[in-house]
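Visitor: Below are the structure tokens for one structure; questions will follow.
Residue numbers (our numbering): 751 to 847.
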């Protein structure tokens with residue numbers, strides 16, 4: 751299904767990621783909303799990657815005053831790697847907003 755969607759719309763991962771708001775994640779989403787800080791929310795989210803629906807191993811890297819999302823170790827269909835990376839990282843960006 752995803753391969754067919756990507757064949758029709760190459761940027762479908764970006765579009766879907768933008769629609770994944772905190773409430774899309776159910777109880778995890780509401781737990782994120784109650785976190786004291788953004789950092790606490792991100793650490794909580796990364797403890798439950800299956801609830802985020804990601805196919806990557808997620809981590810945060812801190813460099814000086816910047817924080818980087820890292821999505822590594824993707825082992826699914828290589829043809830869907832870009833789609834899944836876009837969906838994963840854009841949805842995390844939406845959560846942070």
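Where is the CB? At the ideal position from N, CA and C, for every residue including glycine. These numbers were taken from a predicted model, which means no experiment stands behind them.
(1) Straight-line CA distance for residue 773 to residue 812?
(2) By a C-beta neighbour count over all protein chains shown, 10 Å radius and 16 as the cutoff for buried, is residue 782 buried or exposed?
(3) Give the DSSP-derived three-state secondary structure of residue 765 in the structure shown.
(4) For my contact list, residue 818 and residue 810 are in at a C-beta cut-off of 8 Å; report their separation, rounded to the angstrom.
(5) What did DSSP end up calling residue 809 once you bin it into helix, strand or coil?
(6) Just reading off the alpha helix (DSSP H) that residue 795 is part of, what are its end residues?
(7) Are the beta-carbon atoms of residue 779 and residue 836 separated by less than 7 Å?
(8) Tell whether a beta-carbon distance below 7 Å holds between residue 838 and residue 806.
(9) Since residue 816 is in the beta strand (DSSP E), which residue starts that stretch and which ends it?
(10) For residue 758, which option in 775, 833, 814 has the closest C-alpha, if you only look at C-alpha atoms?
Guide: On the basis of the coordinates in this document:
(1) 27 Å
(2) buried
(3) helix
(4) 7 Å
(5) strand
(6) 788–797
(7) no
(8) yes
(9) 816–822
(10) 833
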